[in-house]
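Taken in order, these protein sequences are the chains called A and B. Quick note: my numbering has the first sequence finishing at residue 307, numbered continuously throughout. Quick note: my numbering has the second sequence finishing at residue 292, numbered continuously throughout. Glycine included, C-beta positions come from ideal geometry on N, C-alpha and C. Written below as structure tokens is the structure these notes are about.
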Amino acid sequence: MKKHFKTTWTRIRRSPYQALAAVAVMTLTFFIASVFILTAAGSQAILRYFETRPQVTAFFKDEVTMTQVDTLKAKLIETEKVKEMKYISKEEALAIYREQNKDNPLLLEMVTANILPASLEVSTVDIAYLGEVAEILRQQPGVEEVIFQEDVVQALHKWTTTLRKIGVGLIGSLGLVSFLIILIIIGMKVAMRRTEIEILQLIGASSWYIWVPFVFEGIFYGAVGAILAWLISYLLLLYSTPFLVSFLAGIPVLPVPVLFMLAVLGIEILAGALIGTLGSLLAVKRYLR
Amino acid sequence: MIKFKDVTKKFGDVTALERVSFEIGPKEFIFITGPSGAGKTTVAKLIIRDFLPSSGVVEIDGTDIVDLPKKQIPTLRKNIGMIFQDLKLLHDQTVFENVALTLRVLGKVEEEIEDEVEKVLKLVGLSDRADFFPAQLAGGELQRVCIARAVVGKPEIVFADEPTGNLDLNTAWQIVRLLKEVNELGKTVIMATHNFEIVNEMEERVIELDKGKLVSDKKKGKYHLK
């Protein structure tokens, strides 16, 4: 095995520009893949965040009784479309208001629990049920107003799905291009070494013996490209984290967990090695009799 | 050890060998002679299963090469040291590396490779040329590198295809003597040549081919081929 590594390294050193081209293409592919993976994962986290927030809020009239609230809750549970419900009393609403505006004493003056309505915050099992649940709430006698963030969640959902589709398409196309470039570069090297391959076969080398250094070379290009791309994307992410944190205003998706980034690295190295292996296997196969 | 029985090899309409039969025993030294196109190289390529016969049987150590599974071909070839007519040396590798190639294919470790290559280069008289590239060597020296590469793996059979083809008579004799030394080490040596002067002088067994047909199979002794 050691001698195969040595042969591979010698071959890479003897054609540095071809090696550079192969690594550059693989790096570009995996950089775009990393950007899409991070964006898709971020969007998914943001979507999840919104999905776990109360999606429909019903504000009650002052005269509503707890019995009416409990009846409404039971009615909603019966639909089996509700994931969570939380009743916020006037006093709790005031506490929340005070917490949110603690830095602004002017807004705290004059506000008492009486002027804030009690409410019921509802999360649905699926955002598709939002409209239906909101309609049930609107029809209840004690309910004054119903608000729900259907548009935000649906827009996010649409964005995440579209992003995933574009990502898969782009990564697929770039993966194919990388595979073809590895095939061409290793193919050129194999063509240059066809006399050596012929001699090796005639003196008794097995196909595997001939294949191994080329396969290692393909794996090298794929893995190095993946590692470089991951490093660049991770550094960019770390650099832009302060800006993104303030842009996302409290949505807890950053910092990206190190374990997640290591998993991305592992998957990319595996994918790179796979592209390299397949490309080199196919390139050498043409010359083996 | 090597058995050809009614072997015919055709390339389209061209018949390279026609119903050729002979047997070669262990440790024999044998010449295969004939003019260009007689079928000498075809015999070599059949022995290493680079070609398959169109009909007939080619047996190496009792195994019919037609029935040999593809995976077993490297094992067959590792036991046959080939000296190719067109040398087939790697020009970007030194003499040492060219010879070591056989041992690397055999899976030997580096220390063993160094020892064995040194020994074989001494045998062929190229100890001082180990770090030379093929382009820096003379014709006779190149043939010696090929012989070294063919015998370093200690194969049972050595097939030399026209090893003296482009050499002056003096150098050609050196090569033949070297092959004889290899034979005396207990190897079967088959030398394809059209140099009748060497063949007549050596008084070894001779298989004569012409236009793909076996003309004669002469046992050891004096003869005057022209």
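For residue 251 of chain B, the secondary structure class from DSSP, reduced to helix, strand or coil, is coil. If one requires a minimum length of 4 residues, the alpha helix (DSSP H) runs lying completely within the region 147-189 of chain B are 161-171, 176-189, in chain order.
Taking a Cβ-Cβ cut-off of 8 angstroms, the neighbours of residue 223 of chain A in chain B comprise 140, 171, given in sequence order.
Here residue 101 of chain A carries a strand assignment [DSSP, helix/strand/coil].
Linking residue 93 of chain B to residue 82 of chain B through their CA atoms gives a straight-line distance of about 27 angstroms. Rounded to whole angstroms, the separation of the alpha carbons of residue 274 of chain B and residue 281 of chain B is 5 angstroms. Annotation: Cβ neighbours of residue 167 of chain B in chain A (cutoff 9 angstroms, chain order): 214, 217, 218, 221, 223. Sixteen is the threshold: since fewer than 16 other Cβ atoms of the shown chains lie within 10 Å of the Cβ of residue 209 of chain A, the residue is exposed. A contact between stretches requires three or more CB pairs, one per stretch, nearer than 8 angstroms, and the region 185-194 of chain A fails this requirement with the region 102-117 of chain B. At a beta-carbon threshold of 8 angstroms, none of the residues of chain B lie near residue 257 of chain A; the nearest stands roughly 45 angstroms away. Chain A has a Cβ within less than 8 angstroms of the Cβ of residue 114 of chain B. Counting only residues of its own chain and dropping the five nearest sequence neighbours on each side, residue 112 of chain A has a CB closer than 8 angstroms to the CB of 129, 130, 131, 134. Counted as a single uninterrupted DSSP element, the beta strand (DSSP E) harbouring residue 69 of chain B occupies residues 68-77.
CA-CA distance, residue 165 of chain A to residue 76 of chain A, rounds to 7 angstroms.
Judged by their CB atoms, residue 278 of chain B and residue 151 of chain B are not nearer to each other than the 8 angstroms cut-off. Ranked by Cα distance from residue 279 of chain A, the first of A/155, A/52, A/183, A/121 is A/52. Looking from the CA of residue 34 of chain A, the closest CA among A/221, A/250, A/207 belongs to A/207. Separation of residue 289 of chain B and residue 74 of chain B (C-alpha to C-alpha, rounded to the nearest whole angstrom) is 28 angstroms.
Under the Cβ criterion of 8 angstroms, residue 148 of chain B is counted among the residues facing chain A. If you check each beta-carbon in the region 259-283 of chain B against every beta-carbon of chain A, none falls closer than 9 angstroms. Chain order gives the chain B residues near residue 227 of chain A as 171, where near means a beta carbon separation below 7 angstroms. Beta-bridge partners assigned by DSSP to residue 279 of chain A: none are found.
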